[in-house]
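>
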Amino acid sequence: MSTGTSAAATVVSGVAAGHRVQVVAPRLLVSGQVVLREVDVEVHAGEAVGVVGPNGAGKSTLLRALAGLDGEPSVRWDLDLDSADGAIGGVVLVGHDPGLHPHLSLAENLRLAAALRAGSVLPVATALERVGLAGAAGRLAGRCSEGMLRRAGLARAWASGPALLLLDEPTAGLDAASRGLPAALVRSTTAAGGMVVVATHEPVAFDGVIDRWLHVSGGRVTSRQP
Amino acid sequence: MSATRHVVALTRAELVLELRTGDVLRTVAPYAVAALVLLALSVDANTVVLRQIGLGAGWTVLLLFGSQAASRRGLLDRAAVHELCRVSGVAPRTLLAARVVTTTGLLAALLAVLVPVVVALFDLSLAGGLWLLATTLAALIGLATLTSIAGALVTTTAVRGVVAPLLVVPLSVPLLLAVVQVPPTLRYGGSPLPWLLVAVLVDVTLLTIAAGLAPWLEGNP
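Here you go:
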């Protein structure tokens, strides 16, 4: 089960009101090796941040740190998800593996995710319909193509209405007709006041929806103009 | 009561997986039954002898095959599903509790398969049924807790099937003794309460250990 990235992060409470996530870390590790140094990334409510960089540069590691996973004890993870209207909440990470169990159907997987989060802002059937999977709701995840699993991961995020949405290469494996789905999800999440961070090799797929870009390379995270 | 909701949701999903894959009831249970048949055939056909070893044989088989069943690759053993739970705010203790509840259910199902076989093959009397039931239930919870700790501890799938039973079997001896001592204690007019208390004490100890270890076992898969 191990992913090889190291220990738990420290949650800092008592921050100012309003949605905000910040990771401050002297270093982020994968399998004991330093991948990123002197990380200080902050995202605010309604903001969409893109992350670009070569393979293995540390984009996924940064997303996992923002999700509160796998930080060293020295990592400061500062997350404030106070929600004024109660319509959105929680963190959703859609990674390379969308977190679906192969022996559960797509609908069962999404219902499980909804149950863990005390409900969803969209019915499972509606979320699946939005990504074009209404007809495959009863299909086992293990019988779905990679593109279908990717879309199901997006449906899970859509149903959750997250306050913090983290997408790792969301366009990978999607067909031409589905390539606009991640951008639409980003747009709807930020419109609802949520925060979004997208790691991608295809920044063009997010034209007009990303507010600022971060570049991950050489063990550093630097800001970059759109 | 989000912890209860989380445990219910995860347990329900695990049971759906078991119904679909049959890891315990269709894969492990037939071998456990076969082991009981071989045990019965390998000893004297004398009914008295069979009756004397029946409960112990049944529990030994449950212990060995139950620890094997508990080592199956379940819902929470998939890294992405485990991370989904953590990101969704499921506490490490809740994750381990869900494993214990699920494993208790699966062991109870395995026991339900084995009991009629033991009764038929070993001519076992179920006299003192309530004491036996209570001690068995306590022992099942202890065994499930132990196997859940071992399962979460030994996370490498390639070795967990081997290492988990090696961790579980020695530590479950008090549970085995508690159950098999109930019928003779009743037969000689004694009270089986001390044996029930042994099983409960082991449960409390193991659950306390599980609660203490959960942040480490489930917090950083």
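These protein sequence lines map, in sequence, to chains A and B.
At position 221 of the first sequence (counting the first as 1) the number is 494 in my numbering, and the numbers step up by one without a gap.
At position 59 of the second sequence (counting the first as 1) the number is 69 in my numbering, and the numbers step up by one without a gap.
Note that CB positions come from ideal geometry on N, CA and C, so glycine has one too.
Can you list, in chain order, the residues of its chain whose CB lies under 6 Å from that of A:V285, leaving out five sequence neighbours each side?
Residue placement at A:V285 is flagged as unreliable, the pLDDT there being 33, under the threshold of 50; the coordinate-derived value follows with that caveat. So the qualifying residues of the chain are R349 and D351.
> Touch check for the segment 37-45 of chain B and the segment 489-498 of chain A: three-plus C-beta pairs under 8 Å?
no
> Which residues in chain B have a C-beta closer than 7 Å to the C-beta of A:G363? List them in chain order.
S98 and G99
> Give the single residue among B:L73, B:A130, B:A160 and B:L134 whose Cα lies nearest to the Cα of B:L117.
B:L73
> Which residues in the same chain as A:V404 place their Cβ atom closer than 8 Å to its Cβ, once the five residues preceding and following it in sequence are excluded?
Spatial neighbours of A:V404 in its own chain (CB-CB distance under 8 Å, excluding positions within 5 residues in sequence) are listed in chain order as R424, A425, L427, A428, W431, S451 and L454.
> The beta strand (DSSP E) that contains A:V348, what's its start and end?
Here A:V348 belongs to no beta strand (DSSP E), and DSSP marks it neither H nor E.
> For chain A, find out if any of its Cβ atoms is closer than 8 Å to the Cβ of B:L106; answer yes or no.
no
> B:L60: buried (16+ other C-beta within 10 angstroms of its C-beta) or exposed?
buried
> Which of the three DSSP states, helix, strand or coil, is assigned to A:S356?
Because A:S356 carries a pLDDT of 48, less than 50, the predicted location of this residue cannot be relied on, and the following value inherits that uncertainty. Correct three-state label for A:S356: coil.
> Note down the Cα distance separating A:H376 from A:V303, rounded to an integer number of angstroms.
Straight-line Cα distance between these residues: approximately 29 Å.
> Taking DSSP as the reference, what is the three-state secondary structure of B:Q191?
coil
> Beta carbon of B:P184, beta carbon of B:V210: below 8 Å?
no
> To be precise: take each residue of the segment 21-54 of chain B, compare its Cβ to all Cβ atoms of chain A, and keep it if any distance is under 9 Å. Which residues remain?
R22, A23, V26, L27, R30 and T31
> Which first and last residues belong to the alpha helix (DSSP H) in which B:A107 is found?
P102 to F132
> When every heavy atom of the ligand ATP is checked, does at least one fall within less than 7 Å of the C-beta of A:A388?
The ligand ATP is not among the ligands present in this structure, which contains no ligands whatsoever.
> Which residue's Cα is closest to the Cα of B:P16: B:S98, B:G152, B:W141 and B:L150?
First, the amino acid is wrong: residue 16 of chain B is His here, not Pro. For B:H16, the nearest C-alpha among the options comes from B:S98.
> Given this structure, state the Cα-to-Cα distance separating A:S333 from A:G420, to the nearest angstrom.
19 Å
> At a Cβ cut of 8 Å, what residues of the segment 482-495 of chain A count as close to chain B, listed as they run along the chain?
Here the close residues number zero.
> With distance defined between alpha-carbon atoms, name the residue in A:G326, A:S378, A:V307 and A:S418 nearest to A:S496.
A:G326
> Do we get a CB-CB distance below 8 Å when we pair A:H292 with the residues of chain B?
no
> Quick one: residues in its chain with C-beta nearer than 6 Å to the C-beta of B:A220, no 5 flanking neighbours on either side, listed in chain order?
L106, T155 and I159
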